[in-house]
Amino acid sequence: MMKIWLQSGSALTADAGTPYGRLYEQSLERHLKAMARPDTELKAFGIEGTPFGKDRYHASFQAVVSLMIKSALRAEPQGFDAVAVINTFDHGYYELRELLDIPVVFITESAMYLACQLAPTFSFVTHNVAMQLHIAELAKRYGVAGRMVPGSQLGLTYEDFPKMYDDPKRYIGLFAGAARETIARGAAMLMVAGNPLNMFLIDQGVRDIDGVPILDCCTAAVKTAELMADLHRLGIRRSTKGLFETPPPEAKEKIRKLFT
């Protein structure tokens with residue numbers, strides 16, 4: 015049996031009362047059941063509130079990171095085998111590795127590395143322009159910028175997400191147009207961000223555009239988490255040196271208390 019903690023950068027429980035939150039959570043729940051191994055238990059957790067501007071502004075990112083750390087620190091004491099961060103910006107990339115001894119994987123890093131094994135080039139279609147800029151920076155950090163083709167964005171906000179289910183044909187057409195622009199620039203694999211847009215397309219059965227496959231980033235994160243948990247059990251652990259340096263036990267405990 016394996017337990018994986020999926021950490022969102024949104025307030026899932028709090029947002030469940032809104033059309034966006036309710037539809038996204040229902041979609042995510044359906045998809046998690048389909049992607050997990052029979053012996054894997056997946057549980058998604060949100061944060062305390064959804065900070066304004068969390069999908070575009072650096073200042074808002076700081077609030078999200080702190081809330082995500084506070085939430086994800088519960089995973090290890092509760093017996094989870096790995097944490098998969100399903101926030102497009104891979105928030106807490108260094109911080110969570112400092113504070114958790116179990117494997118931690120990140121959705122965009124996992125998806126980019128998997129895409130490099132499945133296609134010579136890849137690109138992202140995002141719901142807004144800010145995500146394009148930040149994803150480009152992540153590609154540099156992960157050393158795969160040379161494989162990433164400039165992507166496209168749809169000019170959407172969180173207010174648009176529930177509307178997609180009311181008029182799916184329109185939004186699928188909007189996505190397809192942006193995807194074709196990206197394909198024309200040389201993308202051989204497509205990815206979608208943020209995850210609510212990704213879940214919507216999965217719900218609608220849109221898995222490729224003109225034969226160019228769409229890689230589900232959420233599945234990439236979950237499967238990477240399963241792999242890392244397997245490797246962890248075999249004694250293959252992440253490095254604790256360099257930028258992944260882990261604080262000594264006493265210091266780690268003091269830092270953890272900052273978030274409790």
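Just so you know, we're using our numbering here: the sequence shown kicks off at 15 and counts up by one.
Even for Gly, the Cβ is constructed at its ideal location relative to N, Cα and C.
Query, Result
"When you compare the region 117 to 128 with the region 220 to 235, are there three or more beta-carbon pairs, one atom per stretch, that lie closer than 8 Å?", "yes"
"Tyr108: buried (16+ other C-beta within 10 angstroms of its C-beta) or exposed?", "exposed"
"Could you check where the alpha helix (DSSP H) with Lys68 kicks off and where it finishes?", "From DSSP, Lys68 is part of no alpha helix (DSSP H); its letter is neither H nor E."
"For my contact list, Met213 and Ser41 are in at a C-beta cut-off of 8 Å; report their separation, rounded to the angstrom.", "4 Å"
"Suppose you measure from the CA of Glu240 to the CA of Pro65; what does that come to, to the nearest Å?", "30 Å"
"Straight-line CA distance for Ala201 to Met162?", "8 Å"
"Do you know how far the Cα of Cys130 is from the Cα of Asp244?", "22 Å"
"Going by Cα to Cα distance, which pick from Pro117, Leu81 and Ala73 is closest to Gly60?", "Leu81"
"Under three-state DSSP, which class holds Lys154?", "helix"
"Under DSSP, the beta strand (DSSP E) around Glu55 begins and ends at which residues?", "Thr54 to Phe59"
"Which same chain residues, not among the five before or five after Ile269, have their C-beta less than 8 Å away from its C-beta?", "Glu112, Leu113 and Pro261"
"Kindly identify the DSSP beta-bridge partner or partners of Asp115.", "Its beta-bridge partners do not exist; DSSP assigns none."
"Should Phe273 and Lys84 be called a contact, given that it needs their Cβ atoms to be closer than 7 Å?", "yes"
"Whole angstroms is fine: what's the gap from Lys266's alpha carbon to Leu87's?", "12 Å"
"DSSP state of Thr233, grouped into three classes?", "helix"
"Take the Cβ of Thr196 as the centre, count every other Cβ of all protein chains shown within 10 Å, and call the residue buried at 16 or more, exposed below.", "buried"
"In three-state terms, what does DSSP make of Ile100?", "coil"
"Beta-carbon separation of Ala192 and Leu170 under 7 Å?", "no"
"Taking the straight line between their C-alpha atoms, what separation do you get for Ala48 and Thr102?", "21 Å"
"For Ile121, which option in Arg184, Trp19, Asp224 and Asn142 has the closest C-alpha, if you only look at C-alpha atoms?", "Trp19"
"Just list the beta strand (DSSP E) runs in the region 211 to 272, keeping only unbroken ones of 3 residues or longer that don't cross its boundaries, in chain order.", "226 to 229"
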